[in-house]
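Protein chains in written order, with my numbering: chain X, 115 to 407; chain H, 2 to 266.
For glycine and all other residues, C-beta sits at the position ideal for the given N, C-alpha and C.
No experiment lies behind these values; they were computed from the predicted model shown.
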Amino acid sequence: MSQIALWGAVELGLVYAFVALGVYLAFRVLDFPDLTVDGTFPLGAAVTAVLIMAGINPWLAAVVSMLAGALAGLVTATLNVRFKILNLLASILTMIALFSVNLRVMGRPNVALLSVDTMLTPFYGHGFRDFMVRPVFLLALVIVALIVVWRYLESDAGLAMRATGANARMARAQGINTDRQIYLGIALSNALVALGGALFAQTNGFADVTSGVGTIVVGLAAVIIGETLFGTRRILIALIGCVVGSILYRIAIQLALSSDSLGLQASDLNLVTAVLVTFALVLPRLKRGVLLS
Amino acid sequence: MIALDNIHVVFGRGTPLEKKALSGVSLTIKEGSFTTVIGSNGAGKSTLLGVLAGDVIPTEGNVRIGNADVTKLPTAARAGRVARVFQDPLAGSCGALSIEENLALAHKRGQRRGFKLALGHSRRKLFRERIAELDLGLENRMTDRMAMLSGGQRQAVSLVMAMMAGCDVLLLDEHTAALDPGMAEFVMKLTEKIVGAKKLTTLMVTHSMRQALDYGDRTVMLHGGEIVLDVEGNNRRNLDVEDLIDMFRRVRGQTLDDDELLIAE
Chain X
115 MSQIALWGAV
125 ELGLVYAFVA
135 LGVYLAFRVL
145 DFPDLTVDGT
155 FPLGAAVTAV
165 LIMAGINPWL
175 AAVVSMLAGA
185 LAGLVTATLN
195 VRFKILNLLA
205 SILTMIALFS
215 VNLRVMGRPN
225 VALLSVDTML
235 TPFYGHGFRD
245 FMVRPVFLLA
255 LVIVALIVVW
265 RYLESDAGLA
275 MRATGANARM
285 ARAQGINTDR
295 QIYLGIALSN
305 ALVALGGALF
315 AQTNGFADVT
325 SGVGTIVVGL
335 AAVIIGETLF
345 GTRRILIALI
355 GCVVGSILYR
365 IAIQLALSSD
375 SLGLQASDLN
385 LVTAVLVTFA
395 LVLPRLKRGV
405 LLS
Chain H
2 MIALDNIHVV
12 FGRGTPLEKK
22 ALSGVSLTIK
32 EGSFTTVIGS
42 NGAGKSTLLG
52 VLAGDVIPTE
62 GNVRIGNADV
72 TKLPTAARAG
82 RVARVFQDPL
92 AGSCGALSIE
102 ENLALAHKRG
112 QRRGFKLALG
122 HSRRKLFRER
132 IAELDLGLEN
142 RMTDRMAMLS
152 GGQRQAVSLV
162 MAMMAGCDVL
172 LLDEHTAALD
182 PGMAEFVMKL
192 TEKIVGAKKL
202 TTLMVTHSMR
212 QALDYGDRTV
222 MLHGGEIVLD
232 VEGNNRRNLD
242 VEDLIDMFRR
252 VRGQTLDDDE
262 LLIAE
């Protein structure tokens with residue numbers, strides 16, 4: 115694997131770290147399997163791309179993307195909480211609907227962001243090469259997001275959200291409005307995923323309606339790799355695990371694809387992804403099995 | 002004070018499975034009194050507790066807790082007035098969260114939860130002190146997950162949690178039923194100590210007639226969704242378990258089978 119390919123893998127891993135943090139909130143904190151993210155990731159990319167092309171400040175565009183993502187999350191939460199649709203199914207409905215919404219937002223299947231300013235433009239050309247600037251910039255943003263999520267989950271309000279996912283009946287007995295926690299948590303989760311989409315568009319220079327396929331699998335892979343390596347005891351460690359998991363996942367994919375001896379090609383990506391995620395899911399069980407025997 | 006006025010609860014109304022769980026229950030409980038509730042399976046004990054906690058909204062009738070009419074309030078909205086310990090040790094606390102995190106949740110029961118750290122320095126100290134009073138050595142395990150504790154330890158912590166924030170009534174839902182005899186006694190003694198010290202208005206549902214008479218100052222027996230016995234004072238002091246079983250037999254209109262003898266213990 116070349117140095118550029120490695121930096122590229124780290125960059126993509128950091129973009130998807132936002133997805134991993136979002137997936138952690140939905141799956142782990144709220145115990146809500148939310149597939150909406152397959153739609154919110156390209157939604158974030160689409161909104162950012164269209165706004166930037168319309169001359170809007172790229173930072174503002176990213177913020178609007180987050181709001182759009184939160185809105186999509188609220189739709190899923192409403193279907194689940196208000197209309198009692200099974201959480202998984204509610205999220206699939208929103209995900210399917212978002213495919214059409216994303217096409218409407220962009221007006222066509224993809225939008226290129228060439229020769230326009232992005233969030234990264236001011237950081238290019240200070241003596242560092244572009245492929246190194248992007249991961250460093252993303253890492254800074256990831257750290258900010260991680261600290262915000264961490265601090266929130268350690269607060270009284272965040273503890274209420276964790277209790278909702280862990281034992282909803284107990285949470286209600288403690289005066290926690292569990293419905294409100296689900297609205298809030300799923301909105302927050304999808305806002306993070308949409309931010310990931312917005313950054314994907316700005317670092318890669320395009321938004322594509324198909325870029326969301328498998329987002330949930332990638333996010334979940336990152337979360338599980340992180341849990342396997344770091345454990346789940348402390349919130350901060352688990353969150354760092356999500357970020358590191360996301361990066362390691364991309365490097366593993368890159369290694370698999372660039373290894374000549376394996377004979378894989380780019381179109382094998384989804385198969386490799388599925389195998390890797392399966393491996394990450396089975397690994398904790400294998401570890402336990404080894405310890406027991 | 003708690004006042005239940007002509008409470009009717011019907012489950013599955015209009016369906017073939019329609020079930021009257023409570024039929025016209027009226028009960029007034031004085032401030033600071035400790036009432037025990039007994040009855041066989043299906044008598045309406047759990048429903049009665051559910052009506053007070055907010056899990057069950059009555060089909061008819063009025064519920065007052067403290068000075069407020071809470072008839073239509075869902076569980077979360079009245080949690081500031083109601084502290085509760087469940088029968089299932091797993092139900093009343095979060096197994097995935099640590100002891101101190103569970104206490105932090107209980108510390109804010111029924112209050113607005115802001116962005117303050119749930120486990121700041123002073124709170125940690127307070128929680129540790131409260132847990133140390135149990136004398137179970139749990140104060141050295143504050144960061145252990147609740148799931149690591151035994152059922153009895155969890156119930157003891159649940160009692161501490163119930164006392165973290167103020168309440169108008171403490172509801173105990175057969176909270177020793179799932180414990181071994183030794184631990185059940187420990188938890189009951191602890192309950193008595195806490196309730197006595199704070200002069201809490203308490204309602205304890207129990208399967209055990211022994212418990213129903215040994216603790217508290219008033220006993221109510223439910224059968225078929227109605228109150229069939231309500232004793233306090235001298236009448237209650239003169240009762241023993243045999244008398245209760247007799248009354249039980251009379252209201253059932255049949256002889257006792259093995260199942261019912263079990264509850265005499």
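Please list, in chain order, the chain H residues whose beta carbon lies closer than 7 Å to that of residue i.
i: Asn291 (chain X); result: Ala77
i: Gly284 (chain X); result: Sequence check: residue 284 (chain X) is Met here, not Gly. Result: Ala92, Gly93, Ser94, Cys95.
i: Arg276 (chain X); result: Leu98
Look at the Cβ atom of residue i, then the Cβ atom of residue j, and state whether they are nearer than 8 Å.
i: Leu309 (chain X); j: Gly158 (chain X); result: yes
i: Tyr363 (chain X); j: Val332 (chain X); result: yes
i: Lys46 (chain H); j: Val206 (chain H); result: yes
i: Ala312 (chain X); j: Leu98 (chain H); result: no
i: Val86 (chain H); j: His208 (chain H); result: no
i: Ala119 (chain X); j: Ile300 (chain X); result: no
i: Asn216 (chain X); j: Val323 (chain X); result: yes
i: Ala80 (chain H); j: Gln117 (chain X); result: no
i: Phe12 (chain H); j: Gly217 (chain H); result: no
i: Ala282 (chain X); j: Cys95 (chain H); result: no
i: Arg243 (chain X); j: Thr317 (chain X); result: no
i: Asp230 (chain X); j: Ile166 (chain X); result: Here residue 230 (chain X) turns out to be Val, not Asp, going by the sequence shown. Yes.
i: Thr202 (chain H); j: Val170 (chain H); result: yes
i: Val242 (chain H); j: Leu230 (chain H); result: no
i: Val389 (chain X); j: Ile367 (chain X); result: no
i: Ala4 (chain H); j: Arg82 (chain H); result: no
What would DSSP say about residue i, mapped onto helix, strand or coil?
i: Pro398 (chain X); result: helix
i: Met122 (chain H); result: This sequence places His at residue 122 (chain H); Met is not what is there. Of the three classes helix, strand and coil, the one that applies to His122 (chain H) here is helix, per DSSP.
i: Asp148 (chain X); result: coil
i: Gly127 (chain X); result: helix
i: Val71 (chain H); result: coil
i: Gly13 (chain H); result: coil
i: Gly217 (chain H); result: coil
i: Arg276 (chain X); result: helix
i: Asp258 (chain H); result: Confidence in Asp258 (chain H) is poor, its pLDDT being 48 and thus under 50, which makes the residue's placement too unreliable to answer from.
i: Val256 (chain X); result: helix
i: Arg65 (chain H); result: strand
i: Thr60 (chain H); result: coil
i: Asn304 (chain X); result: helix
i: Phe87 (chain H); result: coil
i: Lys21 (chain H); result: strand
i: Asn7 (chain H); result: strand
i: Ala416 (chain X); result: Because chain X here runs from 115 to 407, residue 416 (chain X) falls outside it and cannot be looked at.
i: Thr207 (chain H); result: coil
i: Asp322 (chain X); result: strand
i: Thr231 (chain H); result: Position check: residue 231 (chain H) holds Asp in this sequence, whereas Thr was assumed. Note: Asp231 (chain H) maps to strand in three-state DSSP.
i: Val38 (chain H); result: strand
i: Met115 (chain X); result: coil
Along chain X, which residues have their Cβ under 9 Å away from the Cβ of residue i?
i: Gln112 (chain H); result: Asp270, Gly289
i: Phe116 (chain H); result: Arg265, Tyr266, Ser269, Asp270, Ala271, Gly272
i: Ala179 (chain H); result: By Cβ distance, chain X contributes nothing, its closest Cβ being about 16 Å from Ala179 (chain H), past 9 Å.
i: Glu102 (chain H); result: Leu273, Arg276, Ala277
i: Gly81 (chain H); result: Gly289
Quick one: which chain H residues come within Cβ less than 9 Å of residue i?
i: Asn281 (chain X); result: Leu91, Ala92, Gly93, Ser94, Cys95, Gly96, Ala97, Leu98
Name, please, each residue of chain X whose Cβ falls closer than 8 Å to the Cβ of residue i.
i: Leu223 (chain H); result: Under the 8 Å cutoff, chain X gives no residues; its nearest Cβ is about 22 Å from Leu223 (chain H).
i: Ala107 (chain H); result: Gln288
i: Ala119 (chain H); result: Glu268, Ser269, Asp270, Gly272, Leu273
i: Arg271 (chain H); result: Since the first and last residues shown for chain H are 2 and 266, residue 271 (chain H) lies out of range.
What I want to know is whether the C-beta of residue i ends up closer than 7 Å to one or more non-hydrogen atoms of the ligand MN.
i: Arg347 (chain X); result: As presented, the structure is devoid of all ligands, the ligand MN included, so that no description of it is given.
For chain C, find out if any of its Cβ atoms is closer than 8 Å to the Cβ of residue i; answer yes or no.
i: Arg142 (chain H); result: In the structure shown, chain C does not exist; the protein chains are X and H.
Within the region 342–400 of chain X, ranges of the alpha helix (DSSP H) (whole runs, at least 4 residues): 349–372
Sufficient close CB pairs (3 or more, under 8 Å) joining the region 163–171 of chain H to the region 99–110 of chain H:
yes
Inspect the CB distances between the region 8–25 of chain H and the region 173–190 of chain H and report whether three or more fall short of 8 Å.
-> no
Which residue spans inside the region 110–178 of chain H form an unbroken alpha helix (DSSP H) run of at least 4? Within the region 110–178 of chain H, the complete alpha helix (DSSP H) runs of at least 4 residues are 122–133, 152–163.
Check whether the region 186–193 of chain X touches the region 147–167 of chain X, counting contact only when three or more Cβ pairs, one atom from each stretch, lie closer than 8 Å. yes
Exercise. Any chance you could list the beta strand (DSSP E) runs of at least 3 consecutive residues sitting entirely within the region 167–251 of chain X, in chain order?
Key: Here the runs fully enclosed are 224–226.
* If we count Cβ pairs, one from each stretch, closer than 8 Å, do we get three or more for the region 86–93 of chain H versus the region 149–156 of chain H? -> yes
Would you say the region 251–265 of chain X touches the region 129–140 of chain X, given that touching needs at least three Cβ pairs under 8 Å?
-> yes
- Is there contact here, the region 139–146 of chain H with the region 50–67 of chain H, by at least three beta-carbon pairs under 8 Å? no
Self-check item: Segment contact, 8 Å Cβ cut-off, at least three pairs: the region 195–211 of chain X with the region 344–358 of chain X
Solution: no
Are at least three pairs of beta-carbons, each pair with one atom in the region 385–401 of chain X and one in the region 158–171 of chain X, less than 8 Å apart?
-> no
Do the region 264–275 of chain X and the region 109–124 of chain H make contact, defined as three or more Cβ pairs closer than 8 Å? yes
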